[in-house]
Each structure stands twice: as C-alpha cells, then as structure tokens.
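Asks: In the working numbering, the protein residues as written are 1 to 327. No residue lacks a Cβ here, since even glycine has one placed at the ideal position from N, Cα and C. In this text the structure is predicted, and so the values were computed from the model without any measurement. Take a look at this one; I'll ask things after.
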C-alpha cells in the first residue's frame, strides 16, 4: 500500500472512532433520559389519580354527612318518619314534603355532582330515589345500585355488576335523633377519569379480580394476559402492544370493599422513539458532512505531505549515490 493511502486510512480512523463513540454515547444518554421522563410522567399521573380519588372520597364523606344533618333534608324526613302513618298527614302533605327533599337533594347535587341519591326513613322505606337528576321509583333503581343499607356513616369505593362506584352513606339526624338514611353514589367511569388532571394522552385502567371495572381503553384492545401481568411486574409493566404502539404501565392498589383494586396508568413510548430517531438522523447527517469535510482536508494535507516527503526521499537518494561515487 502506498504511503499516502496508509496516512489517509490512519487519519480517517483517528478522526471517526471518537465521533462514532460519542454519537453512541449521546443516543444511549437520550434513550435513558426519555425513559426516565416517561416513567416520571406515568408515575406522577398514577399518583395524581389516586390522590384525586382519595380526595373525592374524603369530600363525599364530609359533605354527605353534613347534608344529612341539615334542616333542608332532616326536617321533612323527620316529619315523614314520625307522622307519616297518621291520618292528618294526607297525600298532599306527603307529596309536598317529598318534593322539598327532592329540591334540596338536587340543589346539593350542584355542589357534589353525584349520580344516584336515595333518601329513606329509618325503617328503610324509600322516600325518594334520584338518578342523574331525575326522580325514579324504587323498583326502577338499577340492580347494580341496590345494596345493603344501614344507618352507619361510611364512604367506600364499591363494585356492583362490574361497575366501579363511590358510595357515601350517612344517617339523617334531626335534633340528635336518627330519622332516616341518605345514600349518595358517584359513577367512577371513563367520563370521570377523563376529567382528572394531567391525564391527557395517558390510558387508565382499573381492575378488580381480573375484571375491568373502568377503562379509558376499549377492553378488546387490552392483551389477553394483561390482567395477570401486574402480579409479577413489581409496579411497572413495559412494552404492552396496543393498536400498534408500545405502552408502559405503572400500577398501584386501592381499597374496594375490603378488597383491592388495581389502578394502572399507561403512556405510549412512541414520542420517545420519534425523538430518538430524530436525534439519530441529525447525528447521521452531521457525521456525513463531517466525513466529507475531513476527507477533503486529509486529501489536501496528505498530498502536500507526500509530495514533500517524496522530494526528501529523492534528495536523500541522490546524496547517497554521490557519497558512494566519491568512495
């Protein structure tokens, strides 16, 4: 191999090895940074969902208890409970008292935005039932919304017929006397989940007993083994394929009727891959332009160097021949 070619090859190797090593380092660094950013966003969203559900539970517990003790609902309930079977409280009076309870409950709904309300006398006879701001008869209360009713104040997330609800129950009290029971229920459904903060672009699934209670994804899009993955994933499920995109899911448990439900929050890794591919393209283009510039410089430098070196060899050879001739 000619000297010039050897020099060109050596300079190319010396130039491009550091460049390729640094490019590899940058890409891996970006991958790691993107992974951390995605994980952080998912984890923050998951914790935010849990915090908002817990806050909702606290709000319902306090506000339902306070409302059950207010004169607007407690007084008419007391009259119906105490004197409802007396003849001097006729149908017109009962209807007026019932309407008063309906109006008060609907007004209360403006502050709490619940879906179902039941007001019962202490003997558990129904006074009024409301669903989504319309009055319904006792027999029309959906089976999934019926349940055991006591006069104990409590608030719980519950599951009825594969539906996820928040149920708040409080004793209706008038002058320290229990006179009835107030039952308020809130659907935790897809519409509600989509109203939560920082949930744009993320997928939320709530599972109990390997069944989906509520999801912002259609169940047909979830992998068949999705319900069992969280048992082995230590809080993170990676690379779940949904509609041709890869998702990472974080999950935590929430109490539901003494049992546990699992809340999973997932985010597509597509934006991260797009960002990495974009950086790869930029590095490739940059490397190509650097290669052209460096190659031209090497050609120019080696041409001058090889010319000078060849002249030096010629002079040295002539000098050597002259010395030998004199001898």
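According to DSSP, residue 207 sits in a beta bridge with which residue or residues?
Replies: Paired residue(s): 212 and 262.
Asks: According to DSSP, is residue 268 helix, strand or coil?
Replies: If DSSP states are grouped into helix, strand and coil, residue 268 belongs with the strands.
Asks: Taking residue 153 as the reference, give the member of 69, 187 and 89 with the closest Cα.
Replies: Looking at the Cα atoms, 69 is the closest of the given residues.
Asks: Helix, strand or coil for residue 17? Go by DSSP, reduced to three states.
Replies: If DSSP states are grouped into helix, strand and coil, residue 17 belongs with the helices.
Asks: Please classify residue 114: does DSSP put it in a helix, a strand, or coil?
Replies: If DSSP states are grouped into helix, strand and coil, residue 114 belongs with coil.
Asks: Roughly how far, in whole angstroms, is the beta-carbon of residue 186 from the beta-carbon of residue 115, given that I think they are within contact range, below 8 Å?
Replies: Their Cβ separation, rounded to whole angstroms, is 6 Å, which keeps residue 186 and residue 115 in contact under 8 Å.
Asks: First and last residue of the beta strand (DSSP E) that includes residue 126?
Replies: Here the beta strand (DSSP E) through residue 126 covers 126–131.
Asks: Starting from the C-beta of residue 218, find all residues in its chain whose C-beta is less than 6 Å away, skip the five residues before and the five after it, and write them out in chain order.
Replies: So the list is empty, once near-sequence residues are dropped.
Asks: What's the C-alpha gap between residue 82 and residue 56?
Replies: Answer to the nearest angstrom: the Cα atoms are 34 Å apart.
Asks: Please report the residue range of the alpha helix (DSSP H) in which residue 81 lies.
Replies: Its alpha helix (DSSP H) spans residues 71–83.
Asks: Using the DSSP secondary-structure output, state which residues sit across from residue 157 in a beta bridge.
Replies: In the DSSP output, where bridge partners are listed per residue, residue 157 has 166.
Asks: For residue 145, does the three-state DSSP call read helix, strand or coil?
Replies: Because the pLDDT at residue 145 is just 45, under 50, the model does not fix this residue reliably, and the value given afterwards should be weighed accordingly. DSSP places residue 145 in helix when its eight states are reduced to three.
Asks: How about residue 265 and residue 53: are their beta carbons less than 9 Å apart?
Replies: Not closer than 9 Å, so no.
Asks: Can you give the Cα-Cα distance for residue 127 and residue 113, rounded to whole angstroms?
Replies: Going from the Cα of residue 127 to the Cα of residue 113 covers about 21 Å.
Asks: Would you mind stating whether residue 254 and residue 245 have Cβ atoms separated by less than 9 Å?
Replies: No, the pair does not count as a contact, with Cβ atoms beyond the cut-off.
Asks: Under DSSP, the beta strand (DSSP E) around residue 182 begins and ends at which residues?
Replies: Per DSSP, residue 182 belongs to the beta strand (DSSP E) from 177–187.
Asks: Please identify the residue among 202, 173 and 215 whose C-alpha is closest to the C-alpha of residue 38.
Replies: Among 202, 173 and 215, the Cα nearest to that of residue 38 is on 202.
Asks: Measure the CB-CB distance between residue 181 and residue 94 and report whether it falls below 9 Å.
Replies: It is not a contact, given that the beta carbons lie outside the stated cut-off.
Asks: Can you give me the start and stop residues for the alpha helix (DSSP H) that residue 241 sits inside?
Replies: No alpha helix (DSSP H) contains residue 241, which is instead part of the beta strand (DSSP E) from 236–242.
Asks: Could you give the residue range of the beta strand (DSSP E) that holds residue 245?
Replies: Where residue 245 is concerned, the enclosing beta strand (DSSP E) stretches over 245–256.
Asks: Please go through the same chain and pick out, in chain order, the residues whose beta-carbon is closer than 6 Å to the beta-carbon of residue 77, but skip the five residues on each side of it.
Replies: Closer than 6 Å at Cβ, skipping near neighbours: 172, 179 and 180.
Asks: Does residue 263 pass the burial test, meaning 16 or more other C-beta atoms within 10 Å, or should it be called exposed?
Replies: By the neighbour-count rule (16 or more Cβ atoms within 10 Å), residue 263 is buried.
Asks: Going by Cα to Cα distance, which pick from 221, 89, 192 and 63 is closest to residue 168?
Replies: Ranking 221, 89, 192 and 63 by Cα distance to residue 168 puts 63 first.
Asks: At the level of alpha carbons, what is the spacing between residue 131 and residue 101?
Replies: Cα to Cα, residue 131 sits roughly 14 Å from residue 101.
Asks: Rounding to the nearest angstrom, what Cα-Cα distance links residue 155 and residue 31 in this structure?
Replies: One C-alpha to the other measures close to 44 Å.
Asks: Among 212, 61, 89 and 164, which residue has its Cα nearest to the Cα of residue 184?
Replies: Taking only the C-alpha atoms, the option nearest residue 184 is 61.
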